[in-house]
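Presented below is the structure to which this report refers.
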Ligand code: MRU
């Protein structure tokens, strides 16, 4: 891939600024955990696996900068840093998964000198990033088998290299099918209000010379009814034990349209996106973002001042609309309760 979403470099966290794409490819450097937390909140970095990596690296930066010299004070401050990271965005469970992983690593080495614990945490954060890349490639391999030759694949939002450490989940499946010579093309929903599809998915697929056609969200049904869409592949922010899946707002509409038109609808996600503590999707917390994302585009008002606005960032697609959930360990389809548990146990 010709860009790096996030990396640990020279004791700083470097991220491509996703608020500036596609106009400018700019990399921001963060030297402290507060900056990383702000970058997650402000969507400089977004996408469930990518914010998991960012949170892990933010926690490592924060731990490194703790001035305490005794273990008790160190671990108290460490917990505060983890709490700040956990408060950035509520829906994608990968964020909490990554923070828990960092906490467990610190606890497991509690008896070691503090500088050693900090080094271990930095190494762990880098490992979270490296593993995510390998996981996405495995998702791509499993998903590739489900994509017929010559398919037109509809995707929503950006579940690509930009939403992960690289390669992507939904776009990982698409990349793998493209690389396998299946001659596929992609229809990318623009994904209002934040335009992840238009700004990010179109950008990264064009960079990789994967044929992509941009459509506005309300065109998906039109093309499905005309028989132009072979299948849908989307990412996920949190998947409940029964397979109900939270993903970018609008995903549910795509799934219902796909069912109506007899089109397979796949979710691609790492097992770190599974939240088996939740029995069903109604329990998934849905982030509500600023009304400015709906009333303005690039700072320009597109709605009358003072209009009432709602802006939920995610919706939940009931499992019954999902043909298969593609993970790095294989594909679940049918009895999600049983199959997702089995896939999670392969962790
Ligand atoms: O608000 P965002 O841009 O963070 O939402 C991203 C999505 O909904 C993605 O589809 C999801 O995180 C999967 S990313 C591999």
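Numbering (our numbering), first residue to last: 111 to 457. Backbone N, C-alpha and C fix where the C-beta goes; we use that ideal spot for every residue, glycine too.
Report back the beta-carbon spacing between residue 351 and residue 386 to the nearest angstrom; my notes put them in contact at under 8 Å. Start at 1 with the first residue of the chain shown, and residue 351 comes out as number 241. Start at 1 with the first residue of the chain shown, and residue 386 comes out as number 276. Yes, residue 351 and residue 386 are in contact; Cβ-Cβ is about 5 Å, under 8 Å.
Considering only heavy atoms of the ligand MRU, does any lie closer than 7 Å to the CB of residue 184? As a working mapping, residue 184 is identified with position 74 in the chain shown. No - the ligand MRU has no heavy atom lying nearer than 7 Å to the Cβ of residue 184.
Proximal residues to residue 362 (C-beta, below 6 Å), its chain only, five neighbours per side dropped: Along the chain shown, read from residue 1 onward, the residue named residue 362 stands at position 252. Sequence-distant Cβ neighbours of residue 362 in its own chain, meaning closer than 6 Å and more than five residues away, are 425, 427.
Bridge-paired residues (DSSP) for residue 342: Within the chain shown, numbered from 1, the residue matching residue 342 stands at position 232. DSSP, once it has assigned bridges, lists 264, 375 as partnering residue 342.
Contact under 8 Å by Cβ, residue 128 with residue 161: Translated into the one-based positions of the chain shown, residue 128 becomes position 18. Translated into the one-based positions of the chain shown, residue 161 becomes position 51. Their beta carbons are not under 8 Å apart, which means residue 128 does not touch residue 161 by this criterion.
Does the ligand MRU have even one heavy atom less than 7 Å from the beta-carbon of residue 422? By 1-based counting over the chain shown, the position of residue 422 is 312. Answer for residue 422: no, Cβ out of range of the ligand MRU.
I'd like the ranges of any alpha helix (DSSP H) spanning at least 4 consecutive residues and lying wholly in the segment 283-329. 312-317
Indicate, with yes or no, if the ligand MRU has a heavy atom lying under 7 Å from the CB of residue 159. Here residue 159 is taken as the residue at index 49 of the chain shown, counted from 1. Yes; taking the cut-off as 7 Å, the Cβ of residue 159 has a heavy atom of the ligand MRU nearer than that.
To the nearest angstrom, report how far apart residue 437 and residue 249 are at their CA atoms. What you label residue 437 is simply residue 327 of the chain shown in a count that begins at 1. What you label residue 249 is simply residue 139 of the chain shown in a count that begins at 1. About 5 Å.
Look at residue 169 and residue 192 and say whether their C-beta atoms are less than 8 Å apart. On the chain shown, residue 169 is found 59 positions in, with the first residue counted as 1. On the chain shown, residue 192 is found 82 positions in, with the first residue counted as 1. Cβ distance < 8 Å, so residue 169 and residue 192 count as in contact.
Below 8 Å, how does it come out for the segment 168-184 and the segment 398-417: are there three or more Cβ pairs, yes or no? no
Between the alpha carbons of residue 375 and residue 334, how many angstroms are there, rounded? Position 265 of the chain shown, counted from the first residue, corresponds to residue 375. Position 224 of the chain shown, counted from the first residue, corresponds to residue 334. Cα-Cα distance, rounded: 12 Å.
Tell me, which residues are paired with residue 122 by DSSP? For the purposes of this step, residue 122 is taken as residue 12 along the chain shown, with counting starting at 1. In DSSP, residue 122 forms a bridge with 119.
Would you mind listing the alpha helix (DSSP H) stretches within the segment 149-185 that are 4+ residues and don't spill past its ends, in chain order? 158-174
Within its chain, find whatever has a CB closer than 6 Å to the CB of residue 306; leave out the 5 residues flanking it on each side and keep chain order. As a first step, residue 306 must be located in the chain shown, where it is residue number 196. Here the set comprises 267, 268.
Using beta-carbon positions only, say whether residue 194 and residue 235 come within less than 8 Å of one another. As a working note, residue 194 is residue 84 in the chain shown. As a working note, residue 235 is residue 125 in the chain shown. No, the Cβ-Cβ distance between residue 194 and residue 235 is not below 8 Å.
Using 8 Å as the threshold, is the C-beta distance between residue 378 and residue 271 below it? One-based indexing of the chain shown puts residue 378 at position 268. One-based indexing of the chain shown puts residue 271 at position 161. Not closer than 8 Å, so no.
Taking Cβ to Cβ, would you say residue 254 is nearer than 8 Å to residue 286? The residue you call residue 254 lines up with position 144 of the chain shown. The residue you call residue 286 lines up with position 176 of the chain shown. Contact flag set, yes.
Ends of the beta strand (DSSP E) at residue 357? Position 247 of the chain shown, counting from 1, holds the residue named residue 357. Unbroken beta strand (DSSP E) run through residue 357: 355-358.
Chain-order list of residues whose beta-carbon lies under 6 Å from that of residue 446 (same chain, five-residue window excluded): Along the chain shown, read from residue 1 onward, the residue named residue 446 stands at position 336. Closer than 6 Å at the Cβ level, and outside the excluded window around residue 446, lie 352, 353, 429.
Counting Cβ pairs, one atom from each stretch, are 3 or more of them under 8 Å apart for the segment 137-152 and the segment 212-222? no
Can at least three beta-carbon pairs, one atom from the segment 337-349 and one from the segment 194-207, be found at a separation below 8 Å? Three or more pairs of CB atoms, one per stretch, sit closer than 8 Å, so the segment 337-349 contacts the segment 194-207.
Between the CA atoms of residue 435 and residue 441 - distance to the nearest angstrom: In the chain shown, the residue the question calls residue 441 occupies position 331. In the chain shown, the residue the question calls residue 435 occupies position 325. Going by the C-alpha atoms only, they are around 6 Å apart.
So residue 348 is in the beta strand (DSSP E); what residue range does that whole segment cover? Reading the chain shown from its first residue, position 238 is the one you call residue 348. Per DSSP, residue 348 belongs to the beta strand (DSSP E) from 348-350.
C-beta contact flag for residue 115 and residue 274 at 8 Å: Sequence index remark: in the chain shown, residue 115 carries index 5 (1-based). Sequence index remark: in the chain shown, residue 274 carries index 164 (1-based). At a Cβ-Cβ threshold of 8 Å, residue 115 and residue 274 count as neighbours.
Spatial neighbours of residue 303 within its chain, please: C-beta separation below 7 Å, excluding the five flanking residues on both sides. The residue labelled residue 303 in the question sits at position 193 within the chain shown. 403, 404, 421, listed in sequence order.
So what does DSSP say about residue 421, is it helix, strand or coil? For the purposes of this step, residue 421 is taken as residue 311 along the chain shown, with counting starting at 1. DSSP places residue 421 in coil when its eight states are reduced to three.
Helix, strand or coil for residue 141? Go by DSSP, reduced to three states. As a first step, residue 141 must be located in the chain shown, where it is residue number 31. Coil.
Who are the near neighbours of residue 112 in its chain, counting only those whose CB is closer than 7 Å to its CB and skipping five residues on each side? Counting from 1 along the chain shown, the entry for residue 112 is found at position 2. So the qualifying residues of the chain are 317.
Per DSSP, the bridge partner or partners of residue 385: Counting from one through the chain shown, the residue named residue 385 turns up at place 275. DSSP output for residue 385 lists 350 as bridge partner(s).
Apart from the five residues on each side of it in sequence, which residues of its chain come closer than 8 Å, Cβ to Cβ, to residue 198? Mapped onto the chain shown, residue 198 falls at position 88. Closer than 8 Å at Cβ, skipping near neighbours: 147, 150, 151, 161, 165, 205.
Taking its Cβ as the centre, do 16 or more other Cβ atoms sit within 10 Å of residue 134, making it buried, or is it exposed? Start at 1 with the first residue of the chain shown, and residue 134 comes out as number 24. It is exposed - the Cβ of residue 134 has fewer than 16 other Cβ atoms within 10 Å.
Contact between the segment 286-301 and the segment 322-331 is defined here as three or more beta-carbon pairs at a separation below 8 Å; is this criterion met? yes
Tell me where the alpha helix (DSSP H) around residue 437 begins and ends. For the purposes of this step, residue 437 is taken as residue 327 along the chain shown, with counting starting at 1. Where residue 437 is concerned, there is no enclosing alpha helix (DSSP H), although the beta strand (DSSP E) it sits in stretches over 434-437.
For chain C, is any of its Cβ atoms less than 8 Å away from the one on residue 149? In summary, chain C is missing from the structure at hand, where a single protein chain is found.
May I ask whether a heavy atom of the ligand MRU can be found less than 7 Å away from the beta carbon of residue 269? The residue given as residue 269 occupies position 159 in the chain shown. Indeed, a heavy atom of the ligand MRU lies less than 7 Å from the Cβ.
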